[in-house]
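If you count the sequence shown from 1, position 145 lands on 144 in numbering that gives the first Met the number 0, and the numbers rise without skipping. Even glycine gets a Cβ: it sits at the ideal position worked out from N, Cα and C. Bear in mind the structure is a predicted one, so any value in this text is a computation, not a measurement. The structure appears right after this line, and notes come after that.
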Amino acid sequence: MDLITQMLLGFCVATDAFAVSVTNGMCSHKITKGNIFATAFTFGAFQGIMPILGFILGNRFTDFISKYQHYVALFLIGAIGLNMIVDAIKELKHPEDECHTKNIFTVRNLIIQGIATSIDALAVGVSLAAINANISSASLIIAIITFLCCSLGVYIGRKFGVLLGIRAKLGGGILLILIGLKIFVENII
Numbered sequence: 000m001d002l003i004t005q006m007l008l009g010f011c012v013a014t015d016a017f018a019v020s021v022t023n024g025m026c027s028h029k030i031t032k033g034n035i036f037a038t039a040f041t042f043g044a045f046q047g048i049m050p051i052l053g054f055i056l057g058n059r060f061t062d063f064i065s066k067y068q069h070y071v072a073l074f075l076i077g078a079i080g081l082n083m084i085v086d087a088i089k090e091l092k093h094p095e096d097e098c099h100t101k102n103i104f105t106v107r108n109l110i111i112q113g114i115a116t117s118i119d120a121l122a123v124g125v126s127l128a129a130i131n132a133n134i135s136s137a138s139l140i141i142a143i144i145t146f147l148c149c150s151l152g153v154y155i156g157r158k159f160g161v162l163l164g165i166r167a168k169l170g171g172g173i174l175l176i177l178i179g180l181k182i183f184v185e186n187i188i
């Protein structure tokens, strides 16, 4: 997998975390640099670790997966993308449901959000194992891009509100489906 594809994958995987960061920024009455860093670090760490865990799990099933790698990658990445699109449409219909707590930046809340937004990164790790990608560089790129996107997301959320976060999730879902299709087409030709 080339660097540009890894970076696109990083942006796609980061969109859930970015959308949550935007929502956190929108829902918070006061944002500090510490809140921004804690959000970005937590989400970046989970997004960077989960593909490695998925890769390890994927390697356990290498013999099976290698025969059907392009189907597995298309299915997993496509399913993640489709799920992100469905979530974005639901949030677009009911954006008021996003703010539900007064102190959004607690350690407990950030960890729960970090895990929830990185489940797709676990599945991406399985897909990366299926195509025998370089997991070290992919995970590092995903973590860095997520950190940067989430740093910006909290700030933007405070300024512009929830619609940007929803649109980012929608765009990320579409891009993930396109990456899954790219991997599929590259392996059947």
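Between isoleucine 76 and serine 126, the C-beta gap is smaller than 8 angstroms, which places the two residues in contact. When Ile114, Ala120, Ala128, Asn131 are compared, the shortest CA-CA separation from valine 12 is found for Ala120. The beta carbon of isoleucine 35 sits closer than 7 angstroms to those of Ser150, Val153, Tyr154, all from its chain and outside the five residues before and after it, given in chain order.
Assignment of lysine 89 by DSSP, reduced to helix, strand and coil, places it in the helix class. Here threonine 31 carries a coil assignment [DSSP, helix/strand/coil].
Taken through DSSP and simplified to helix, strand or coil, methionine 0 comes out as coil. Threonine 22 and isoleucine 187 have their C-alpha atoms some 40 angstroms from each other.
Under a 10 Å Cβ-count criterion, threonine 145 is classified as buried, with 16 or more other Cβ atoms of the shown protein chains found around its own Cβ. In the structure shown, the three-state DSSP call for threonine 38 is helix. Taking a C-beta distance under 8 angstroms as the contact criterion, leucine 8 and valine 123 qualify as a contact pair.
Boundaries of the alpha helix (DSSP H) around tyrosine 154: 134-159.
Setting aside the 5 residues that flank it on each side, glutamine 5 is surrounded in the same chain by Ser136, Ala137, Ile140, each with a C-beta closer than 7 angstroms to its C-beta; the list follows chain order. Secondary structure of isoleucine 118 (DSSP, three-state): helix. Straight-line spacing of the CA atoms in arginine 59 and serine 117 works out to 21 angstroms.
In the displayed model, threonine 14 falls within a helix according to three-state DSSP.
Shown here, tyrosine 67 sits in coil according to DSSP, grouped into three states, outside any helix or strand. Per the coordinates, the alpha-carbon of histidine 69 lies some 13 angstroms from the alpha-carbon of isoleucine 176. Distance between threonine 105 and isoleucine 134, taken at the CA atoms: about 31 angstroms.
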